Amino acid sequence: MKLRRDPWGHPRGLALVTWIYIIWSLAPVIMAIRFAFNEGRSRTTTQGWSLRWFWQDPTLSVFHDPSLHSALEQSLTLAFFAMLIATPLGIGLALGLQRWRGRGSGIANGLTLLPLVTPELVFAVGLFMLFTTAFKFIGLGTTAQVIGHVTFSVSFVVVIVRGRLQTIGSDMEEAAADLGAPPWEVVRRVLIPLLIPAIGASLLIVFALSIDDFVVSQYLASGADTTTVPMRIYAQARAAPTPALNALATIMLAVTLLALLLAYLVFRFSTRGQKGGSAIGQLAGLDARIDAGGTK
Amino acid sequence: MNDTSVPSPSEKHPEEHSGVSRRSLLTGAGALALGGGALAGLVGCEDTTTPVAAAGAGGGAGIMGDPTAGGPVDPAGIPLARVDYPVTLPLIGDPVKPGEPERGGVLRVYNYADYLNPAVLNAFGEENGVKVEVSTFETLDEAFSKLSTGGLEFDVIFTTTDQISRLVGRKLLQPLNYDLIPNLRKNVWDVLQSPYYDVGPRYTVPYVLFTTGIGWRNDLVSYDPAEPIWDALWDAERYRGKVQLLNDPREAIGAALMRAGITNLNTENPAQIEAAIRDLIKLNDDVRVKVAINGYETLPTGRIVLGEVWSGDVLSAAISYLPKDVPATALSYVYQEQGGPIANDMIGIAAAAQKPVMAHRFLNYLLDADVALENFVDFVGYQPPIRGIDPASLIKDEVIPPNLANALVTPEAFASANAFLGLTVTGQRLWDRGWQQFRAG
Amino acid sequence: MAPRWVWRLLSAPGLLFLAVFFLVAFYAVVAVGLGNVTTQFQPVPHWNPLDWNVGYLREALSNLAPGGQMWPVVVRTVLYIAVAMALTLLIGYPVAYYAARCAGRWSGLILALLVLPFWISYIMRLLAWTNLLASDGYASEALNALGVDRLFNTLGLMEGDDWLGGQPVTVIIALVYGYVPFFILPLYASLNRLDQRLIETSRDLGASAAETFRRVILPLSRPGIYAGMVLIALPMFGDYFTQDLMSGSPNTNMVGNIINGYVQGGPDKSLGAAMTMLLSAFLLIFMAFYLRSLRREQREAE
Chain A
1 MKLRRDPWGH
11 PRGLALVTWI
21 YIIWSLAPVI
31 MAIRFAFNEG
41 RSRTTTQGWS
51 LRWFWQDPTL
61 SVFHDPSLHS
71 ALEQSLTLAF
81 FAMLIATPLG
91 IGLALGLQRW
101 RGRGSGIANG
111 LTLLPLVTPE
121 LVFAVGLFML
131 FTTAFKFIGL
141 GTTAQVIGHV
151 TFSVSFVVVI
161 VRGRLQTIGS
171 DMEEAAADLG
181 APPWEVVRRV
191 LIPLLIPAIG
201 ASLLIVFALS
211 IDDFVVSQYL
221 ASGADTTTVP
231 MRIYAQARAA
241 PTPALNALAT
251 IMLAVTLLAL
261 LLAYLVFRFS
271 TRGQKGGSAI
281 GQLAGLDARI
291 DAGGTK
Chain B
1 MNDTSVPSPS
11 EKHPEEHSGV
21 SRRSLLTGAG
31 ALALGGGALA
41 GLVGCEDTTT
51 PVAAAGAGGG
61 AGIMGDPTAG
71 GPVDPAGIPL
81 ARVDYPVTLP
91 LIGDPVKPGE
101 PERGGVLRVY
111 NYADYLNPAV
121 LNAFGEENGV
131 KVEVSTFETL
141 DEAFSKLSTG
151 GLEFDVIFTT
161 TDQISRLVGR
171 KLLQPLNYDL
181 IPNLRKNVWD
191 VLQSPYYDVG
201 PRYTVPYVLF
211 TTGIGWRNDL
221 VSYDPAEPIW
231 DALWDAERYR
241 GKVQLLNDPR
251 EAIGAALMRA
261 GITNLNTENP
271 AQIEAAIRDL
281 IKLNDDVRVK
291 VAINGYETLP
301 TGRIVLGEVW
311 SGDVLSAAIS
321 YLPKDVPATA
331 LSYVYQEQGG
341 PIANDMIGIA
351 AAAQKPVMAH
361 RFLNYLLDAD
371 VALENFVDFV
381 GYQPPIRGID
391 PASLIKDEVI
401 PPNLANALVT
411 PEAFASANAF
421 LGLTVTGQRL
431 WDRGWQQFRA
441 G
Chain C
1 MAPRWVWRLL
11 SAPGLLFLAV
21 FFLVAFYAVV
31 AVGLGNVTTQ
41 FQPVPHWNPL
51 DWNVGYLREA
61 LSNLAPGGQM
71 WPVVVRTVLY
81 IAVAMALTLL
91 IGYPVAYYAA
101 RCAGRWSGLI
111 LALLVLPFWI
121 SYIMRLLAWT
131 NLLASDGYAS
141 EALNALGVDR
151 LFNTLGLMEG
161 DDWLGGQPVT
171 VIIALVYGYV
181 PFFILPLYAS
191 LNRLDQRLIE
201 TSRDLGASAA
211 ETFRRVILPL
221 SRPGIYAGMV
231 LIALPMFGDY
241 FTQDLMSGSP
251 NTNMVGNIIN
261 GYVQGGPDKS
271 LGAAMTMLLS
281 AFLLIFMAFY
291 LRSLRREQRE
301 AE
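Chains as they are written, first to last, in our numbering: chain A, 1 to 296; chain B, 1 to 441; chain C, 1 to 302.
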């Protein structure tokens, strides 16, 4: 529990603004979820309750329309590989950069932070040009999309892990080294265990960034089997959308929140008794965003 | 023909290879007889610092029979087909040999959204032991742009009259083996057995027919179809924000050209295009158009009340997208019978198809009279040029609401077709730049 | 302590990855933008700077410059983003302030709710609005019943009653809606770190709440404001999907839509690449300006 830190008492106006904002930010999404359960075809008015758009409808439901459930598969595939690649790359970068002083460190730091402030469109155009000219052997498709997702998420991992490294300091590591542990052992036995919470947060933020991504996925897609959920929503919303689209978005959201809940429980369990920012904050990559925006 | 010019080789760029190599074209050009200017276009590349040259011979008369004449050619050097100027496309590669269709796995199809009946796809898939997967594009330019990166793996490609030669020129299509598509001879209208855009035919089978016109909600809009039809868009100030313009540069600019009385839908006259763009910008200022192609969904639901649509869109709206409280009689359609676009989409097979035999079978399947009817009247709303799918009987049987009878295309109307067709490099750029200017708002 | 090379080795794969897929990818944009095209409109990148062809860059520049074809789009983009940022500040600051400093026992819940939008796909959040703002949607009907459409009509911000019919106001509000969570959280963090003693000192010295806010809290939170602003402004400049989904009209097209149109939708990829270069250059200046002012603020605060 936090102490009240405004010595002038409780500002009711501000409370009102905050709650209105929260309703404004979440109510539309709740309505979108409601329409997913419509019995009728409308996505703008509520028409009864049914699971038609999830699996009952024989052609248009998420379950029966291959373009919808394959989008779900592709989104999860990309997120999985992005987590698998971006997290170790980011941890290595963070460990290296944290101790890299002097020549080259400025450039290395800059290179790591630049993607955080680069608009996605610039990434997307760049990778598209790269994969359709010089790197034709990679081409467009899932590989290109995974590379794209890793490129824009690795910097977040670096910021999260470096934040953690700063918190834990270098005492334990030095102690281990003094006792004669070789560098690799120090990393494996001392640093990595201490970094577990940051690694968890990194995996989660990469997952979130990847499944949320639209622009890079779209530029690097090669066809229906590389269409992600946001791409499917975008394309279908501009053609003839049905509540199945809402159903798809709802499933995606449920999967995400489930992952978040799971991670939260694991995170709370593994960091019991440790100091640091709130679990929720760290999970949201809050620290990453703060540092990305505030320390450079 | 138009006042066009051929591209000339500007600077040498040894690293570049145009889509069609000199050799493949020469071997395929036996009957084609390309002019020297055309060949120059193949190996040259342009540099915006040196604008595409106005050099080379103009005029198109007689180039088919006269190998020395230069004529208007598309960016790949293929002569530009016109309704009254049929073109045989060069053969690049060999058609696939007959054989067992490649069962298992996925047959990849590239098409507009909502343009194939999912039930038909499922039935084909079950019958043939293959999963049909449709990737969609919103505009043909987007489709060509993605296809020409060469990184996409499709088997079947849906396209249109203005795209076909550049797809062939980029070596993105393979010649078809028509022995594997007997339904073409058996079922398709005579006028499309050897169409002007693909004499033979060599690369395509026709898919569906359409006209371009004005669709509107007669319960929400008072509109007199007696007035010159394209004025309907410019006069729709009262319905600001609820008027559609097709998200297709050819169709949108075409509407402005036709309103100005120009029936050469493939004009490359800069003055005409510039005037059309100014007209479109004025249209947008006055009416604030929605630039989209989903009129089949937005018109019946009332999100637009009037707009430039394809005839199939209003039928599709009546068949698949009517909300419960809107009767089919609320939809109306009118098109320009003299000189307006009356054309068809077509299907080809990708040069890099993984399942070419299965793809042929798919094309044949879509030309089956029963399948074509099911695809048409149960979902897509675009009419296939199939004998026996007769407009008169469709209306008599109330498959199509009588008030939309004029959204159907008869063989007679098709015979007097006008269509958006391929352009020269200069023309293509002229239309594209104009469109981008319009998009700036 | 481990020798230096160990740390450099650890960071090598990541650096290599970023060098190739970030720097070389950006160089590919430059090579295409300063390259050429074939007669079939296929971009031919010029990797060697000696071969660079400035034709497309010059054309992009003249299009985007005052009086050029795309100048209205540039003005519109800057205007939309400026208004959206002002609104974001207006909405985001009180919320972040309340959540960070006054929420008391609700702070955990409020923070969780503020973080939640991060976990909902941006496109899904836009989809939700297309449901609600359609002409028969609930939000659209409610707003029109309240006369909000007429108010905006009078103010010249909207025409007619169709919220998705190409209204600048819809696009701007959608931008605010989409990006405001990305503004609130960094600001929340910086407000959360404010030194409580300074505020109490201010009160003890007799300053009123308003004075304390103006003289102490606001100056101290300025770096957080700048950080949040930049974090949302940069992606907004590359945004095209918000406009596509909420309007689709040429009247509301932004720079991102034009670039997207060239690169994905049309034959002029080289011109699109050249415009991407110009956008990046513009944003670099923006970023540098921001970084400098941020550092100055920090020095003053210390």
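Ideal Cβ positions, reconstructed from N, Cα and C, are used throughout, including at glycine. Small disclaimer: the values here were computed from a predicted structure and weren't measured.
Between which two residues does the alpha helix (DSSP H) containing residue i stretch?
{"i": "Pro-182/A", "result": "Taken as a continuous stretch (DSSP letters only), Pro-182/A belongs to no alpha helix (DSSP H), as it is neither H nor E."}
{"i": "Gln-442/B", "result": "What the structure shows of chain B is the stretch from 1 to 441, and residue 442/B is not part of that stretch, so it cannot be assessed."}
{"i": "Lys-97/B", "result": "Segment: none, Lys-97/B is in no alpha helix (DSSP H) and carries neither H nor E."}
{"i": "Asn-109/A", "result": "105–113"}
{"i": "Trp-431/B", "result": "425–439"}
{"i": "Glu-308/B", "result": "From DSSP, Glu-308/B is part of no alpha helix (DSSP H) but of the beta strand (DSSP E) over 306–310."}
Measuring alpha carbon to alpha carbon, tell me which residue in the options is nearest residue i.
{"i": "Gly-295/B", "options": "Leu-306/B, Asp-285/B, Gln-272/B", "result": "Leu-306/B"}
{"i": "Leu-231/C", "options": "Trp-129/C, Asn-257/C, Cys-102/C, Val-180/C", "result": "Val-180/C"}
{"i": "Ala-260/B", "options": "Leu-233/B, Asn-122/B, Leu-315/B, Leu-246/B", "result": "Leu-233/B"}
{"i": "Phe-182/C", "options": "Tyr-138/C, Arg-150/C, Thr-88/C, Pro-45/C", "result": "Thr-88/C"}
{"i": "Ile-104/C", "options": "Thr-250/A, Leu-14/A, Tyr-264/A", "result": "Going by the sequence as given, residue 104/C is Gly instead of Ile. Closest option to Gly-104/C, Cα to Cα, is Leu-14/A."}
{"i": "Gln-42/C", "options": "Ser-140/C, Val-20/C, Gly-272/C", "result": "Gly-272/C"}
{"i": "Leu-152/C", "options": "Ser-140/C, Val-169/C, Leu-126/C, Gly-165/C", "result": "Here residue 152/C is Phe; the residue named in the question, Leu, does not match the sequence. Comparing Cα positions, the closest option is Val-169/C."}
{"i": "Gly-148/A", "options": "Phe-54/A, Phe-35/A, Leu-127/A", "result": "Leu-127/A"}
{"i": "Leu-176/B", "options": "Pro-341/B, Thr-204/B, Leu-192/B", "result": "Thr-204/B"}
{"i": "Ser-140/C", "options": "Ile-123/C, Gly-165/C, Leu-157/C", "result": "Gly-165/C"}
{"i": "Val-6/C", "options": "Pro-182/A, Ala-259/A, Met-31/A, Ala-247/A", "result": "Pro-182/A"}
{"i": "Leu-157/C", "options": "Ile-173/C, Ala-145/C, Leu-146/C", "result": "Ile-173/C"}
Cβ closer than 7 Å: which chain C residues qualify as neighbours of residue i?
{"i": "Arg-250/B", "result": "By Cβ distance, chain C contributes nothing, its closest Cβ being about 12 Å from Arg-250/B, past 7 Å."}
Applying a beta-carbon distance threshold of less than 8 Å, which residues of chain C neighbour residue i?
{"i": "Arg-288/B", "result": "Glu-159, Gly-165, Gly-166, Ser-249, Asn-251"}
{"i": "Phe-438/B", "result": "Pro-250"}
{"i": "Arg-278/B", "result": "Within chain C, no residue comes near Arg-278/B; the closest Cβ sits about 13 Å away, beyond 8 Å."}
{"i": "Val-291/B", "result": "Gly-248, Ser-249, Pro-250"}
{"i": "Leu-245/A", "result": "Leu-127"}
Note down, in chain order, every chain A residue with its Cβ under 9 Å from the Cβ of residue i.
{"i": "Val-326/B", "result": "Those do not exist, as Val-326/B stays about 12 Å from chain A at its closest Cβ, beyond 9 Å."}
In terms of residues, what are the limits of the beta strand (DSSP E) holding residue i?
{"i": "Pro-206/B", "result": "205–217"}
{"i": "Tyr-321/B", "result": "That residue, Tyr-321/B, is in no beta strand (DSSP E); it is neither H nor E in DSSP."}
{"i": "Ile-157/B", "result": "156–160"}
{"i": "Phe-137/B", "result": "131–137"}
Just the chain A side, please: which residues come within less than 8 Å of residue i by C-beta, in chain order?
{"i": "Gly-14/C", "result": "Leu-89, Gly-90, Gly-92, Leu-93, Gly-96, Thr-112, Val-154, Val-158"}
{"i": "Leu-245/C", "result": "Tyr-234, Ala-237, Arg-238"}
Using a Cβ cut-off of 7 Å, pull out every chain A residue sitting near residue i, in sequence order please.
{"i": "Val-54/C", "result": "Under the 7 Å cutoff, chain A gives no residues; its nearest Cβ is about 18 Å from Val-54/C."}
{"i": "Asp-114/B", "result": "Ala-239, Ala-240"}
{"i": "Leu-234/C", "result": "Val-117, Pro-119"}
{"i": "Met-287/C", "result": "Val-117"}
If the cut is a Cβ gap below 8 Å, which residues of chain B does residue i touch?
{"i": "Gly-13/A", "result": "In chain order: nothing, as chain B lies at least about 36 Å away."}
Identify the contact partners of residue i in chain B, using a Cβ-Cβ distance below 9 Å as the criterion.
{"i": "Pro-219/C", "result": "By Cβ distance, chain B contributes nothing, its closest Cβ being about 41 Å from Pro-219/C, past 9 Å."}
Under 9 Å Cβ-Cβ, which residues of chain C neighbour residue i?
{"i": "Glu-274/B", "result": "What Glu-274/B touches in chain C: nothing, since even the nearest Cβ is about 12 Å away."}
What residues in the region 265–279 of chain C have a beta carbon less than 7 Å from any beta carbon of chain B?
When C-beta distances to chain B are compared with 7 Å, the residues of the region 265–279 of chain C below that value are Gly-265, Gly-266, Pro-267, Asp-268, in chain order.
Extract the residue ranges of the beta strand (DSSP E) inside the region 326–352 of chain B, only unbroken runs of 3 or more that lie entirely within it.
331–335, 342–350
Give me the subset of the region 75–92 of chain A whose CB atoms are less than 7 Å from a CB atom of chain C, sorted by chain position.
Leu-89, Gly-90, Gly-92
Contact set between the region 204–230 of chain A and chain B, restricted to residues whose Cβ is under 8 Å from the partner:
Ser-222, Gly-223, Ala-224, Asp-225, Thr-227
Hey, which unbroken runs of the beta strand (DSSP E) at 3 residues or more fall wholly within the region 36–116 of chain C?
36–38
Sequence ranges, alpha helix (DSSP H) only - wholly within the region 121–208 of chain A, length at least 4
Those alpha helix (DSSP H) runs which fall completely within the region 121–208 of chain A and span 4+ residues are 142–168, 171–178.
Beta carbons nearer than 7 Å to chain A: which residues of the region 116–134 of chain C have them?
Leu-116, Pro-117, Phe-118, Trp-119, Ile-120, Ser-121, Tyr-122, Ile-123, Met-124, Arg-125, Leu-127, Ala-128, Trp-129, Thr-130, Asn-131, Leu-132, Ala-134
What alpha helix (DSSP H) runs, 4 residues minimum, are completely inside the region 151–206 of chain C?
168–192, 196–204
Could you name the residues of the region 150–174 of chain B whose beta carbon sits closer than 9 Å to any beta carbon of chain A, in the order they occur along the chain?
Gly-150, Gly-151, Leu-152, Glu-153, Phe-154
Quick check on the DSSP output: what are the complete alpha helix (DSSP H) runs of length 4 or more inside the region 10–74 of chain A, in order along the chain?
12–36
Taking a cut of 7 Å between CB atoms, which residues from the region 85–100 of chain C lie near chain A?
Legend: CB atoms of the region 85–100 of chain C lying less than 7 Å from CB atoms of chain A belong to residues Ile-91, Pro-94, Val-95, Tyr-97, Tyr-98, Ala-99.
Taking only beta carbons into account, state which residues of the region 164–195 of chain A come closer than 7 Å to chain C, listed in chain order.
Glu-174, Ala-177, Pro-183, Val-186
Closer than 7 Å, Cβ to any Cβ of chain C: which residues of the region 237–248 of chain B, in chain order?
Arg-240, Gly-241, Lys-242
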